[in-house]
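Remarks on the structure that follows.
4 protein chains.
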Amino acid sequence: MPDVPLARLLVTCPDQPGIVAAVSGFLRNHGANITALDQHSTDPAGGTFFLRAEFTTPDLDLTADALEGAFARVVAAPFAMDWRIDYAARKKRVALMVSKYDHALLELLWLWRRGELDAEVPLVVSNHDDLRAEVERFGVDYHHVPVSKDTKAEAEAQTLALFEDAGVDLVVLARYMQILSPRVVDRYPHRIINIHHSFLPAFVGADPYRQAFERGVKVIGATAHYVTEDLDEGPIIEQGVARVSHRDSVSDLKRTGQSLERDVLAKAVRWHLEARVLVQGNKTVVFA
Amino acid sequence: MPDVPLARLLVTCPDQPGIVAAVSGFLRNHGANITALDQHSTDPAGGTFFLRAEFTTPDLDLTADALEGAFARVVAAPFAMDWRIDYAARKKRVALMVSKYDHALLELLWLWRRGELDAEVPLVVSNHDDLRAEVERFGVDYHHVPVSKDTKAEAEAQTLALFEDAGVDLVVLARYMQILSPRVVDRYPHRIINIHHSFLPAFVGADPYRQAFERGVKVIGATAHYVTEDLDEGPIIEQGVARVSHRDSVSDLKRTGQSLERDVLAKAVRWHLEARVLVQGNKTVVFA
Amino acid sequence: MPDVPLARLLVTCPDQPGIVAAVSGFLRNHGANITALDQHSTDPAGGTFFLRAEFTTPDLDLTADALEGAFARVVAAPFAMDWRIDYAARKKRVALMVSKYDHALLELLWLWRRGELDAEVPLVVSNHDDLRAEVERFGVDYHHVPVSKDTKAEAEAQTLALFEDAGVDLVVLARYMQILSPRVVDRYPHRIINIHHSFLPAFVGADPYRQAFERGVKVIGATAHYVTEDLDEGPIIEQGVARVSHRDSVSDLKRTGQSLERDVLAKAVRWHLEARVLVQGNKTVVFA
Amino acid sequence: MPDVPLARLLVTCPDQPGIVAAVSGFLRNHGANITALDQHSTDPAGGTFFLRAEFTTPDLDLTADALEGAFARVVAAPFAMDWRIDYAARKKRVALMVSKYDHALLELLWLWRRGELDAEVPLVVSNHDDLRAEVERFGVDYHHVPVSKDTKAEAEAQTLALFEDAGVDLVVLARYMQILSPRVVDRYPHRIINIHHSFLPAFVGADPYRQAFERGVKVIGATAHYVTEDLDEGPIIEQGVARVSHRDSVSDLKRTGQSLERDVLAKAVRWHLEARVLVQGNKTVVFA
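This is the structure we're talking about:
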């Protein structure tokens, strides 16, 4: 764990020679020390370039604002970069959404309490009141926002207001069984993570464990992905799999799958919090 | 490895009390010795019952024919069984079909030569002539049967005649890139095994590695299944998976996947040869 | 889930012809209905035979006691069987032991509360008081029994008395960091399950994650095993593995490993509770 | 696949600020284009720094020799680097050693023929003559160099002479069952790869599948490592694992394990050929 300030730079831009030299030279010149650097090019000729750098700033010669301003001018503009810098000292604020299944939610709260998720968790929003006691025990606010066909717009407005008030950076759907409308999705582009209980793109839609049972697959999976307006179609962050057999009933698949869901969602959230995930089109680059 | 004759009994029937007792009592009474027995019920009440028994016949009091006749009358009829007995001494005869990719074919031929596939392999049929030398080196006949839109019926008739002459029990499509028509499929029900190069039901159809690349999945797979008239929809025998990342190009996925294909197809074929696979509707029971 | 009484028969005996017929015939004759049967022989000639049968008793013509008496005389004695029948209606009583790490303990308590571990959990015994509040929240008694070199005998006597009072059938060491002396181990032969945080037999002894880090392995593991007098040497019930890389620090290995530990221990405990584990010498037969 | 010359730079040095900037700046200034860069630090303060860069040299302003000379002076010396540059155009020359098991050898020869191992394979050396025909079929020279206790020194001298003549860069022990003496090992430091048929450090020494069977493990493995003077103790490059059960005999473990061995050894060799493996002490950094 670093005693000195830690920051993470994420860059996406058209690939061309000299990007690594420009970025690393800039950081070096201003007293930042690169401790990890990952880089990926879809194609050296005419492709897209992705970079993640972790750096410490023991001897920074500028304020963070001034550093970012200089980076924008000197490095980002010439290379037409899409970029951002995250500072570990400013923890991301995460809202969890859940319906009735507690497994994915509790996994995240447990890991968070153990210090394994580097975030603030100011609130949980649910369309049911069932999990209030479990959540409040962790010292997290629980908001019951029921959703019906008629009240959906209102419920989403209320939810967005709660997120706004809490300064939410990331929304995690820990088995939240309502479809979010564009008014929510568009507010948090690539900042809403969902866990789908199948190995996407197999078994989109409802009741994937029953679908898997009926198709007779020998391996099941779980998929964490960013939510977009196309249900179950957003960029995949992580997937996990487990073997099953003819002996497994639908409820066996469910039990095995829930263990996968917990694991896969936790990994995806941790990677997002550590700024390891970049999105390109409908795919992700994960520097894990 | 048994010195005494080994046989395998497969049974499917409506579940009801007393089936195991009836089967094992019958075998016991006629001097057969059960060395392995697996059993599965989809539901004890009104479900389907599956059984596989391996038995040796050191002291059989009947000929095999008489044993089967007695079993039919005394056990199978009262329980309305669908059943068969395979004798290890009568090796199954396997035809391999292939187009141009050699990896799955060579894996099978190599395992066969090592004695790891308990079968006869009288012939390979291909719509190309490319792999002739490779195949003939194993002492296996190679038949080049070109297929075009106009000659498909004729080519299939020729293929069926070859199978007939060779007394084929099982057909394995080791990356055979032509769709078999019902006239072939119906002749070998649940006796044609195909390897599909994706984790079915994801990515049916053509070029699944490219589809997987474009969807940005983090795990790829391969699926061995029985061929039915619905392309890529037959009962799944086995599936294998491997992790991939954003660093993998389509050709990396292909290379990783081909290793899966070899492994998954070889398992499925071995299990079929050892009479470990029962089909129920569009699913399999695999006593592996 | 069965509405009718469910029982599980476990048998170990010298292999010889006729065992399956004798067992299944006996159950059939007394109105029991076999719903699952698994069988394993180490060698048909002179080997050991293992059998697990699940049966329901909708029409039993005897009391359980009389059934067991008859089985002992008619079936078990002639075949020299080591055997027992477990009744699902009589839930096993499980004591958990823990030191300071909470992950394995909480996983078991949480699965138990969800109904995924079919057992009673009357108490937790710990050599520290740290986890009292967590445990009591589940309605489970927490006993703090400190252990020092001088007080070990006394502490173990106290622990055994607690187990006795609670009618304990199974002890689970959910990261309990004290070595149990023979006076405890011998009281619960093959009824104490431990989770060791490595892929045994690699990295026995202390601090296995550091050992794994220093050896530079690319895969780590966790092992659930029955406790015997030889530390880390008892029969292995289940093992799980996960990939790691040079990027992982000791604490990364620990975090990844703890997820494995939870999963592997839960599986081993569930299989024990469902009477799926037989011990032969220093190995297990797991009918999972 | 690159049309322009591709090179790979590997660097190990004490960690300090500015290394990435120095390396990438140097390459940029001389017209080389970085297409992939991976970097790892064991500890930003006082640790060791590892870097791998792939670069193309479409516009190099120097000869390769001059580039290396300038790099040595301008970059390597100030940072006390241990470094080398590999050129893809100069394929590494690989000698394979084998005894009687053909599976690992054939896998490598197959992959090589398919173009999946970017190397020259001038010769196979074996202490038996059994696999001559298999090897020569691939157009590779086969040298039978018998080894007995009395002739070991002589046999190793002969082997080294063969390697010398063939200009060997890498030696792969594809199940070669003789222990190499320091006179061979020291000639090819971190350039001899062995496949050990267990999950090291479990089951060192002879007959690991039998050891695994007797310990009753539920997962087996295979390990590719560099050969050092301590048998089975060299730096691990890659490991693979597979589940097994009580149903598996020693020969089942062997069959399952041989599939692992093929896969794990092939990965390790490919990574070495692509200059993805750095050695630090007794561990590896694998930029895969």
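Protein chains in written order, with numbering that gives the first Met the number 0: chain A, 0 to 287; chain B, 0 to 287; chain C, 0 to 287; chain D, 0 to 287.
Glycine residues also receive a C-beta, built at the ideal position from the N, C-alpha and C atoms.
Can you check whether the CB of R51(C) is closer than 8 angstroms to the CB of R89(C)?
no
Segment limits, beta strand (DSSP E) that includes E67(C):
Segment 63 to 70 is the alpha helix (DSSP H) holding E67(C); no beta strand (DSSP E) there.
Is DSSP giving E119(C) helix, strand or coil here?
strand
Would you give the residue range spanned by the alpha helix (DSSP H) that S197(C) belongs to?
Looking at the DSSP string, S197(C) is not in any alpha helix (DSSP H), and its letter there is neither H nor E.
Amino acids of chain B, ordered along the chain, whose beta-carbon sits closer than 7 angstroms to that of R7(D):
By Cβ distance, chain B contributes nothing, its closest Cβ being about 15 angstroms from R7(D), past 7 angstroms.
Enumerate in chain order the residues of its own chain whose CB-to-CB distance from V146(A) is below 6 angstroms, with the five nearest sequence positions on each side excluded.
N126, A154, Q177
Anything in chain B within Cβ reach of E237(A), meaning under 8 angstroms, just list it in chain order.
K217
What residue does the alpha helix (DSSP H) around G24(B) start on, and which one ends it?
18 to 28
Does the count of Cβ pairs from the region 20 to 27 of chain D and the region 71 to 85 of chain D closer than 8 angstroms reach three?
yes
What's the gap between the Cα of W82(A) and the Cα of L130(D)?
57 angstroms
Sufficient close CB pairs (3 or more, under 8 angstroms) joining the region 24 to 43 of chain B to the region 53 to 66 of chain B
yes
Residue span of the beta strand (DSSP E) that contains P13(B), given as start and end:
5 to 13
Beta-bridge pairing of F54(C) - partner residues as DSSP gives them:
A6(C), I33(C)
Assuming P16(A) and R92(D) make a contact with CB atoms under 8 angstroms, what is their CB distance in whole Å?
32 angstroms between Cβ atoms; not a contact.
Please identify the residue among D140(D), R174(D), A152(D) whose C-alpha is closest to the C-alpha of D164(D).
D140(D)
Just the C-alpha distance for G280(D) and Q157(D), rounded to the nearest angstrom, thanks.
30 angstroms
Is H39(D) near V278(D), with beta carbons less than 8 angstroms apart?
no
So, helix, strand or coil for V276(B), using DSSP?
strand
Taking its Cβ as the centre, do 16 or more other Cβ atoms sit within 10 Å of S258(D), making it buried, or is it exposed?
buried
For D185(A) and E237(D), the rounded distance between their alpha carbons:
43 angstroms
Applying a beta-carbon distance threshold of less than 8 angstroms, which residues of chain A neighbour S244(B)?
V285
Tell me whether K148(D) is buried or exposed, calling it buried when 16 or more other Cβ atoms sit within 10 Å of its Cβ.
exposed
May I have the straight-line CA-CA distance separating G114(B) from R190(B), to the nearest angstrom?
21 angstroms
Name the chain A residues that come within less than 7 angstroms of P16(D), Cβ to Cβ?
R27, N32
Would you please verify whether the beta carbon of P43(A) is less than 8 angstroms from any beta carbon of chain D?
yes
Within chain D, the residues that E135(B) reaches when beta carbons sit closer than 9 angstroms
The premise fails here: E135(B) is roughly 13 angstroms from chain D at the closest Cβ pair, so nothing lies under 9 angstroms.
Which two residues bound the contiguous alpha helix (DSSP H) that contains T158(D)?
151 to 165
Under 7 angstroms (Cβ pairs) to chain C, residues found in the region 190 to 202 of chain D
F198, P200, A201
With a cut-off of 8 angstroms on the beta carbons, I'd call A173(D) and L95(D) a contact; round off their distance for me.
5 angstroms
Would you verify that the beta carbon of G233(B) is, or is not, closer than 8 angstroms to some beta carbon of chain C?
no
Under DSSP, the beta strand (DSSP E) around R83(C) begins and ends at which residues?
81 to 86
How would you call M0(A), buried or exposed, if buried means at least 16 neighbouring beta carbons within 10 angstroms?
Unreliable placement is indicated for M0(A), whose pLDDT of 41 sits below 50; no coordinate value is reported for it.
Which residues in the same chain as R209(B) place their Cβ atom closer than 7 angstroms to its Cβ, once the five residues preceding and following it in sequence are excluded?
V249
Residue-level contact to chain B via CB, D262(D), 8 angstroms cutoff
yes
Cβ of E115(A) less than 8 angstroms from any chain C Cβ?
yes
Spell out whether any CB of chain A is found under 8 angstroms from the CB atom of N126(B).
no
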